[in-house]
Amino acid sequence: MTDEHADHEDIARLLREQGAIEAPPDLAASVMEEVRRTPRRPAAWDRFARRTVQWAAAAVVVAAALLGLSRLDLGGGSSSSSSVAGASAGGEAARPPQATDSGTVKRSPSVTFSVRRSVAAEVLGPRWSAGAAAHGRIVVTVPPQEFRALARALRHRAANGISSNDSDTVRVVLRRSP
Amino acid sequence: MAHAGAVSLPFPARTASYDGPMRLDAASDEWLAGRAARGDEAAFEQLVLRYQDRLYTLAVRVTLNEADARDCVQEGFVSAWRAMERFRGDARFSTWMYRIVLRKAYDVLDRRKRQAEPTDEVPATFSEPSVEARLDIEAALAGLDVDFRVVAVACDVLGMSMEDAGDALGLPAGTVKSRLHRARARLAEQLQDQRQHD
Numbered sequence: 416m417t418d419e420h421a422d423h424e425d426i427a428r429l430l431r432e433q434g435a436i437e438a439p440p441d442l443a444a445s446v447m448e449e450v451r452r453t454p455r456r457p458a459a460w461d462r463f464a465r466r467t468v469q470w471a472a473a474a475v476v477v478a479a480a481l482l483g484l485s486r487l488d489l490g491g492g493s494s495s496s497s498s499v500a501g502a503s504a505g506g507e508a509a510r511p512p513q514a515t516d517s518g519t520v521k522r523s524p525s526v527t528f529s530v531r532r533s534v535a536a537e538v539l540g541p542r543w544s545a546g547a548a549a550h551g552r553i554v555v556t557v558p559p560q561e562f563r564a565l566a567r568a569l570r571h572r573a574a575n576g577i578s579s580n581d582s583d584t585v586r587v588v589l590r591r592s593p
Numbered sequence: 019m020a021h022a023g024a025v026s027l028p029f030p031a032r033t034a035s036y037d038g039p040m041r042l043d044a045a046s047d048e049w050l051a052g053r054a055a056r057g058d059e060a061a062f063e064q065l066v067l068r069y070q071d072r073l074y075t076l077a078v079r080v081t082l083n084e085a086d087a088r089d090c091v092q093e094g095f096v097s098a099w100r101a102m103e104r105f106r107g108d109a110r111f112s113t114w115m116y117r118i119v120l121r122k123a124y125d126v127l128d129r130r131k132r133q134a135e136p137t138d139e140v141p142a143t144f145s146e147p148s149v150e151a152r153l154d155i156e157a158a159l160a161g162l163d164v165d166f167r168v169v170a171v172a173c174d175v176l177g178m179s180m181e182d183a184g185d186a187l188g189l190p191a192g193t194v195k196s197r198l199h200r201a202r203a204r205l206a207e208q209l210q211d212q213r214q215h216d
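Listed below in structure tokens is the structure:
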């Protein structure tokens, strides 16, 4: 064991004393020549670019969120006329208008509400026509400046708990004229 | 093949044989690496001067070929320069560089295996301290399996602790310890055999 230890110490000493090799004298110069030929963007530029991209991404997200919120508000909790009409045709209880994606609202500026006839008559005023609503559905086209107010009023007064076969219920399709 | 002379460790700060920076030689590796990460070529040059001998030693001992070793070191430094911004200081700069150069040296060995190229021998022309002793240890070292040789070089030639060697080689310290023990035992056997033949 002692001999082995001594051998190992001797080997370690030999390696320590004789194992190292000096690099060629021109190695550092050629390395630096290559380094200077190697394009590298400064770190400061990278940091600036990274921060700019992060801020731009955040701005895009915020803008998209604001745009989405504004569209939702514009729709007054609307759903597309086709989808809501289809759902309402199934006779489900009065449903508050639901929002879908903003693209749908933009392409089809209409909302459908299920409300009591008396409410529809009250909210729509001169636009209400009992004859037109004889089949349980009335389509009202209003200018953009009135669309929002009417949609909000109908949404607030939408009937709750009306069964599908409630004869007092009418579906009001509110369309925004171009 | 170029001649390579032996030096003793720790390597003294060498004066560059060209117009190099001399004011940064007292700075720490981490400070220089930070400067280099910000594009300071002079700081990086100081690191090159500081570590070229050690890295070259490691590369020669692994590849057993001076031309390949030179390429490994040169490419390693250039790779490091490109990646300096990613050097976060989690490891020491020296450990990081050892890893880079080792990876390149192992790539050389892999290429050789695929191409089955004959390799040049380690230079056998030395002036000191003793031609015979040097030839003995050179040949014995070259005869070791690379997994054991690299551990012996890291710990005994470069003077790294087992923990540092483990970091640089990607091995647990226990593995480094056992491989170092076996490497020394094998070297002792080889040297004894050589001397008996002589």
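Those sequence lines, one after another, are chains R and C. Quick note, the first sequence lines up with residues 416 to 593 if you use my numbering. Quick note, the second sequence lines up with residues 19 to 216 if you use my numbering. We treat Cβ as the ideally placed atom computed from N, Cα and C, and that holds for glycine.
Of the residues the options, the one placed nearest residue i, counting alpha carbons only
i              : options                           : result
residue 431(R) : 184(C), 76(C) and 104(C)          : 76(C)
residue 182(C) : 164(C), 131(C), 110(C) and 122(C) : 110(C)
residue 214(C) : 154(C), 199(C) and 185(C)         : 154(C)
residue 78(C)  : 434(R), 584(R) and 486(R)         : 434(R)
residue 205(C) : 102(C), 166(C), 60(C) and 100(C)  : 166(C)
residue 537(R) : 569(R), 425(R), 472(R) and 437(R) : 569(R)
residue 593(R) : 562(R), 582(R) and 586(R)         : 562(R)
residue 565(R) : 552(R), 585(R) and 526(R)         : 526(R)
residue 583(R) : 548(R), 556(R) and 571(R)         : 548(R)
residue 130(C) : 86(C), 199(C) and 108(C)          : 86(C)
residue 586(R) : 440(R), 480(R) and 533(R)         : 533(R)
residue 437(R) : 108(C), 175(C), 199(C) and 168(C) : 175(C)
residue 84(C)  : 442(R), 546(R), 543(R) and 472(R) : 442(R)
residue 100(C) : 449(R), 544(R) and 473(R)         : 449(R)
Own chain, CB closer than 7 Å to residue i, minus 5 neighbours either side, in chain order
i              : result
residue 554(R) : 588 and 590
residue 115(C) : 69, 73, 94 and 98
residue 164(C) : 80 and 127
residue 504(R) : Any reading at residue 504(R) must be qualified, since the residue scores a pLDDT of 37, below 50, and its modelled position is unreliable; the value itself is stated next. Once the five neighbours on either side are set aside, residue 504(R) has no close Cβ partner at all.
residue 478(R) : none
residue 543(R) : 535 and 536
Straight-line gap, residue i to residue j (C-alpha atoms, nearest Å)
i              : j              : result
residue 63(C)  : residue 88(C)  : 16 Å
residue 535(R) : residue 483(R) : 29 Å
residue 550(R) : residue 558(R) : 24 Å
residue 156(C) : residue 422(R) : 17 Å
residue 123(C) : residue 419(R) : 32 Å
residue 45(C)  : residue 187(C) : 26 Å
residue 202(C) : residue 460(R) : 50 Å
residue 485(R) : residue 112(C) : 57 Å
residue 102(C) : residue 54(C)  : 7 Å
residue 170(C) : residue 61(C)  : 31 Å
residue 567(R) : residue 475(R) : 29 Å
residue 133(C) : residue 447(R) : 31 Å
residue 387(R) : residue 125(C) : With chain R running from 416 to 593 in the structure shown, residue 387(R) is simply not present.
residue 5(C)   : residue 469(R) : It is not possible to answer for residue 5(C), since the shown part of chain C is limited to 19 through 216.
residue 196(C) : residue 426(R) : 15 Å
residue 106(C) : residue 524(R) : 55 Å
residue 177(C) : residue 428(R) : 11 Å
residue 48(C)  : residue 92(C)  : 21 Å
residue 211(C) : residue 57(C)  : 52 Å
residue 445(R) : residue 52(C)  : 22 Å
residue 560(R) : residue 104(C) : 57 Å
residue 59(C)  : residue 451(R) : 8 Å
residue 198(C) : residue 173(C) : 8 Å
residue 556(R) : residue 546(R) : 16 Å
residue 424(R) : residue 200(C) : 13 Å
residue 439(R) : residue 471(R) : 50 Å
residue 189(C) : residue 168(C) : 11 Å
residue 539(R) : residue 571(R) : 13 Å
Contact set for residue i: own chain, Cβ-Cβ below 6 Å, skip 5 residues either direction
i              : result
residue 208(C) : 158 and 161
residue 90(C)  : 77, 119, 122 and 123
residue 50(C)  : 61, 64 and 65
residue 191(C) : 180, 181 and 184
residue 541(R) : none
residue 480(R) : none
residue 552(R) : 586
residue 473(R) : none
Chain-order list of residues whose beta-carbon lies under 8 Å from that of residue i (same chain, five-residue window excluded)
i              : result
residue 66(C)  : 95
residue 108(C) : none
Indicate whether the contact test is met: 3 or more Cβ pairs, each with one atom in the region 114–128 of chain C and one in the region 463–476 of chain R, closer than 8 Å.
-> Because the criterion of three Cβ pairs below 8 Å is not met, the region 114–128 of chain C and the region 463–476 of chain R do not touch.
Which runs of the alpha helix (DSSP H) fall wholly inside the region 91–137 of chain C and span at least 4 residues, in chain order?
-> Within the region 91–137 of chain C, the runs of alpha helix (DSSP H) that reach at least 4 residues and sit entirely inside it are, in chain order, 111–133.
Enumerate, from N- to C-terminal direction, the unbroken alpha helix (DSSP H) stretches of 4 or more residues contained entirely within the region 416–473 of chain R.
-> Unbroken alpha helix (DSSP H) runs of no fewer than 4 residues, entirely contained in the region 416–473 of chain R, are found at 417–433 and 442–452, following chain order.
Please go through the region 534–568 of chain R and give each complete beta strand (DSSP E) segment of 3 or more residues, from N-terminal end onward.
-> With a minimum length of 3 residues, the unbroken runs of beta strand (DSSP E) contained wholly in the region 534–568 of chain R fall at 552–557.
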